[in-house]
Amino acid sequence: MENSTINSLLSRRSVLAKNLCEPGPKDEELELILKAAIRVPDHGRIEPWRIQILHKNSQLKLGSIIGKIFKKNNPDASEKRIQVEIDKPSLAPLLLIITSYPDKTRFEKIPEIEQKLSSAAVCQNILIASYALNYGAQWLTGWATYSKEVKEALGHHKSIDIVGFIHIGTPDKLPNERKRPEFDSIISKWQDI
């Protein structure tokens, strides 16, 4: 069966951020990626997510902030290790930061988990849309995702969750296909007994 959407889903792979180079998405391509990103299940039309766009200058500024926070929290870290943290935000031409902004007043009807999962779906759509436009992307988390200081530096309240840092660019090296799970180990048919 020939179906471009299915083929794209079946062949999509994450490309390591360190293997993403220029060019990144053009403005009109980024707009398409963002339009696709927000076409997600959203019970109650809450829109419980936010997306921040960081091009190179902003990435470098964030890297400097992250480096200072990391050094303060890890005083024994080597300069090499600190530099790794400084460099992380600027590994690819484009960095998108996705945050979850759940509406607590709606938890009774729309639980927090549903709202957070909608934010995760935004991340997945960004990966799929990037791949469909022939870009590579990687969704990363890590300590900075959970750091109150990093959240505040990005302009968020410390209670807000960073769902992910998504790096996007042109792959300079495609990853090898990895083994996928066997259906029998993850899929079952429920039968009323």
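Per the numbering used here, residue 835 is the first one in the sequence shown, and the count goes up by one each step. Don't be surprised by glycine CBs; every beta carbon is placed ideally from N, CA and C.
Residues near residue i by beta carbon distance below 8 Å, same chain, minus five either side
| i | result |
| --- | --- |
| Pro-945 | none |
Residues sharing a beta bridge with residue i, DSSP
| i | result |
| --- | --- |
| Thr-979 | DSSP, once it has assigned bridges, lists no residue as partnering Thr-979. |
| Ile-885 | Ile-932 |
| Leu-854 | Pro-1005 |
Neighbourhood of residue i by C-beta, 7 Å cutoff - its chain only, sequence neighbours within 5 removed
| i | result |
| --- | --- |
| Leu-874 | According to the sequence as given, residue 874 is Val; it is not Leu. Counting only Cβ-Cβ distances below 7 Å, and skipping sequence neighbours, we find Ser-952, Ala-955, Val-956 and Asn-959. |
| Leu-988 | Gln-886 and Ile-931 |
| Ser-981 | Ile-903 |
Alpha-carbon to alpha-carbon, residue j and residue i
| i | j | result |
| --- | --- | --- |
| Leu-925 | Gln-1025 | 48 Å |
| Ile-840 | Arg-846 | 10 Å |
| Tyr-969 | Leu-888 | 17 Å |
| Ser-842 | Ile-903 | 39 Å |
| Ile-1020 | Lys-992 | 36 Å |
| Ile-880 | Ser-912 | 44 Å |
| Ser-892 | Val-984 | 14 Å |
| Gln-949 | Ser-934 | 8 Å |
| Pro-923 | Leu-929 | 7 Å |
| Ala-971 | Arg-940 | 33 Å |
Cβ distance (whole Å) where residue i is taken to contact residue j below 8 Å
| i | j | result |
| --- | --- | --- |
| Asp-921 | Pro-882 | Their Cβ separation, rounded to whole angstroms, is 31 Å, which puts Asp-921 and Pro-882 out of contact at 8 Å. |
| Leu-967 | Leu-894 | Actually they are not in contact, since the Cβ atoms of Leu-967 and Leu-894 sit about 25 Å apart, beyond 8 Å. |
| His-1001 | Leu-864 | That pair is no contact at about 13 Å. |
| Trp-973 | Gly-998 | 5 Å |
Where the alpha helix (DSSP H) through residue i begins and ends
| i | result |
| --- | --- |
| Ser-898 | 890-907 |
| Ile-960 | 946-966 |
Extent of the continuous beta strand (DSSP E) run through residue i
| i | result |
| --- | --- |
| Ala-971 | 970-974 |
| Leu-930 | 928-934 |
| Asp-995 | 995-1005 |
Beta-carbon proximity list for residue i, same chain, < 6 Å, skipping 5 on both sides
| i | result |
| --- | --- |
| Ala-871 | Val-956, Asn-959 and Ile-960 |
| Glu-856 | Pro-927 |
| Ile-899 | Ala-987 |
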